[in-house]
Amino acid sequence: MDFVCDICCKEFDLRCHLAKHLRTVHSNTKPFKCEICFKIFGKKTHLEEHHMIHTKERPYECDMCDQTYPSKTELRQHHSIHPRKRPYVCVTCDKTFPSKPLLKQHCNIHTGERPYVCETCGKAFKTRKHLNDHYAVHTKERPYVCDLCSLAFKRKDALNRHRLTHLNKRFFVCNLCGKNYSLRTSLGMHYRDEHGVAV
């Protein structure tokens with residue numbers, strides 16, 4: 002038995018899918034609110050994508066030039082600037098690349114090779130980008146500044162983790178007492194200090 006939307010005639014197998022469709026597509030209600038800027042959204046996924054404005058998170062990376070974007074849509078738009086020709090193929094996973102250097106860098110993922118070495122401490126990395134990010138640990142420079150509280154960090158990933166604390170989201174829950182934390186490291190310290198458990 003199909004469930005049909007009275008407004009657009011789209012069919013659904015389950016009543017709950019029809020209800021979700023009505024709520025998110027045809028309803029003016031927007032139940033999802035950003036806790037930082039109070040903007041409202043009709044879909045949870047739209048709110049999650051919006052949060053990346055505040056966290057400056059850019060998880061979608063172009064495999065042709067290493068540019069990063071906060072959404073799949075922006076990444077797809079960016080792809081249009083690259084030529085469609087991708088003649089270099091990885092023999093391990095069949096992923097294609099527009100240039101030999103990008104293919105070579107990708108192959109490090111499979112081989113475990115770490116050709117990019119820090120001149121200061123000797124630590125090796127699979128990509129030049131990771132090496133450049135690492136250099137910050139050797140300086141007093143803290144270029145990544147939280148736009149919400151001005152706390153500064155040496156690395157971008159540390160800033161992104163910190164920004165989660167402003168969202169008031171508690172993703173990591175202690176299964177012993179129910180206390181919750183926004184960072185995995187905070188939960189680990191809680192286990193150690195409160196329950197005497199090493200994780």
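To convert, count from 1 in the sequence shown and add 1; that's my numbering. Ideal Cβ placement from N, Cα and C applies to all residues, glycine included.
The C-beta distance from residue 175 to residue 188 rounds to 6 Å, short enough to fall under 8 Å. DSSP lists 174 as the beta-bridge partner residues of residue 181.
Contact check between the region 11–23 and the region 141–153: fewer than three CB pairs, one atom from each, fall below 8 Å, which does not count as touching.
Taking all protein chains shown into account, residue 164 has 16 or more neighbouring C-beta atoms within 10 Å of its C-beta and is therefore buried.
Of all C-beta pairs linking the region 76–83 to the region 54–64, three or more are shorter than 8 Å, placing the two stretches in contact.
Between residue 45 and residue 52, the alpha-carbon positions lie close to 11 Å from each other.
If you draw a straight line from the Cα of residue 186 to the Cα of residue 135, it is about 20 Å long. Check the Cα spacing between residue 73 and each of 50, 55, 88 and 89: the tightest is with 50.
Take residue 27, set aside five residues on each side of it, and the residues of its chain with a beta-carbon closer than 7 Å to its own are 8, in chain order. Within a 10 Å sphere around the beta-carbon of residue 98 sit 16 or more other beta-carbons, which makes this residue buried. When DSSP states are grouped into helix, strand and coil, residue 75 belongs to the helix group. The Cβ-Cβ distance between residue 145 and residue 160 falls below 9 Å. If you compare the alpha carbons of 89, 55 and 158 with that of residue 102, the shortest gap goes to 89. In this structure, residue 57 lies away from residue 130, with their beta-carbon atoms at least 9 Å apart.
Here the alpha carbons of residue 120 and residue 128 stand approximately 15 Å from one another. Counting every other CB atom within 10 Å of its CB across the protein chains shown gives residue 191 a total of 16 or more, marking it as buried. With 16 or more other CB atoms across the displayed protein chains lying within 10 angstroms of its CB, residue 106 is buried.
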